[in-house]
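Input: a single structure, listed below in structure tokens.
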Amino acid sequence: WVSKHKHGADPCAPKTRVAYASYLHQQGSLDDALQHLTTALVDEPRSTKARRLFDEVSQEIKLRDAARDATLSNDERALRLWKRSDECYERGDARTALALYGCLLDSMLGETSSSIRLVDGESIEAPGRPFDAGEASKLHHARAGCFAKLKNWEDAEEESRRALELEPASIIYRRRLATTLDKAGKWGAAVCEAPRGDRVFEARARVFEQRAMLRNDRETRAYANDVAASEWLELVKADEGNPLVTGANPFQGLSRDELRRELETRRERRKAQEAINAALD
24 WVSKHKHGAD PCAPKTRVAY ASYLHQQGSL DDALQHLTTA LVDEPRSTKA
74 RRLFDEVSQE IKLRDAARDA TLSNDERALR LWKRSDECYE RGDARTALAL
124 YGCLLDSMLG ETSSSIRLVD GESIEAPGRP FDAGEASKLH HARAGCFAKL
174 KNWEDAEEES RRALELEPAS IIYRRRLATT LDKAGKWGAA VCEAPRGDRV
224 FEARARVFEQ RAMLRNDRET RAYANDVAAS EWLELVKADE GNPLVTGANP
274 FQGLSRDELR RELETRRERR KAQEAINAAL D
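Quick note, the sequence shown lines up with residues 24 to 304 if you use my numbering.
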């Protein structure tokens with residue numbers, strides 16, 4: 024077509040693609056025209072002609088699909104909507120895919136159809152269908168992937184757990200849950216949820232375990248420091264000042280062994296005084 028109508032032009036140039044997409048549009052090849060227009064807009068986003076033609080082709084595709092859906096069964100319409108959801112997810116439009124997956128889930132929760140309105144104003148309707156546990160688990164798993172792309176780890180964990188409730192034996196769903204917990208910083212839970220018998224994922228589980236141990240070690244050290252600070256405050260007399268507030272240090276100049284002996288002596292004195300007070304009471 025280029026050699027005949029655009030002789031000498033670059034076939035990959037945005038203007039050439041728009042011209043060829045216009046020809047395909049006239050011939051009725053809407054899907055091919057949309058594909059060339061998408062590529063042209065990626066290379067030249069400011070092209071008003073490409074944008075205008077893209078909107079026209081998109082609208083005609085929506086009308087064509089709506090007319091085609093009217094003749095399909097409920098299962099066929101749901102399958103087409105599922106395929107569209109997967110396409111949105113693969114091209115990175117996680118929010119639209121999330122809404123479409125949710126619409127398919129809602130359609131199984133009642134006898135009536137489920138409908139949503141997308142950001143561009145398009146209204147989507149999914150026919151009511153009987154509940155299917157296998158299909159619902161796949162939809163929850165897909166929604167978990169959408170939330171993960173949006174870095175919403177809390178909702179991704181919830182959707183992953185719902186998928187596992189419906190399909191407890193699924194290794195793929197358990198992988199998603201363990202990965203989500205790892206991203207959320209819940210390494211201990213990630214170790215527990217990691218699938219057993221999967222050599223590749225067991226290696227990742229060891230990484231989760233190391234992270235959890237490191238975090239526990241940090242928490243243990245922080246707790247030990249808090250305990251040491253509380254003991255310091257209790258062993259230092261009021262007239263010696265508060266070393267954590269005023270910076271006063273009554274043990275300044277002592278060696279490490281001398282400091283340890285001084286603290287042990289003060290602890291023994293405190294215990295003895297507590298025993299005396301308890302006896303007097």
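The beta-carbon is built from N, C-alpha and C at its ideal position, and this holds for glycine as well.
Could you give the DSSP three-state label for residue i: helix, strand or coil?
i	result
E190	coil
A36	coil
A117	helix
N175	coil
G125	helix
A298	helix
D304	coil
W105	helix
P266	Note that P266 has pLDDT 49, beneath the 50 cutoff, so the model's placement of it is unreliable and no number is given.
K209	coil
K85	helix
R69	coil
K27	helix
Could you spell out where the alpha helix (DSSP H) holding residue i opens and where it closes?
i	result
S130	No alpha helix (DSSP H) holds S130; DSSP gives it neither H nor E.
A167	156-172
A56	53-66
Quick one: residues in its chain with C-beta nearer than 7 Å to the C-beta of residue i, no 5 flanking neighbours on either side, listed in chain order?
i	result
W176	T203, K206, A207
H28	none
G307	Nothing about residue 307 can be read from this structure; the chain reaches only from 24 to 304.
A42	K29
T39	V25, K29, A32, D33
R185	H163
Could you give the residue range of the beta strand (DSSP E) that holds residue i?
i	result
S146	146-149
Measuring straight from C-alpha to C-alpha, what distance separates residue i and residue j?
i	j	result
R290	Q296	10 Å
H163	E83	32 Å
L132	F154	7 Å
F170	K209	17 Å
R199	A298	57 Å
V65	A212	42 Å
S183	L60	37 Å
K72	E99	35 Å
N265	A301	Unreliable positioning characterises N265 in this predicted model, as indicated by a pLDDT of 47, which lies under 50. A coordinate reading is not provided.
K174	L127	22 Å
G115	G168	11 Å
S108	A90	19 Å
L123	G51	27 Å
Between which residues of its own chain and residue i is the CB-CB distance below 8 Å, once the five residues before and five after are set aside?
i	result
D88	R103
L189	A156, G157, A159, S160, H163
Q49	none
F77	L57, L60, T61, L64
I195	H164
E79	H48
A101	L127, S130, A149, P150, R152
Taking 7 Å as the cut-off, is the beta-carbon of residue i closer than that to any non-hydrogen atom of the ligand FMN?
i	result
A167	The ligand content of the structure shown is nil, which means the ligand FMN is not present either.
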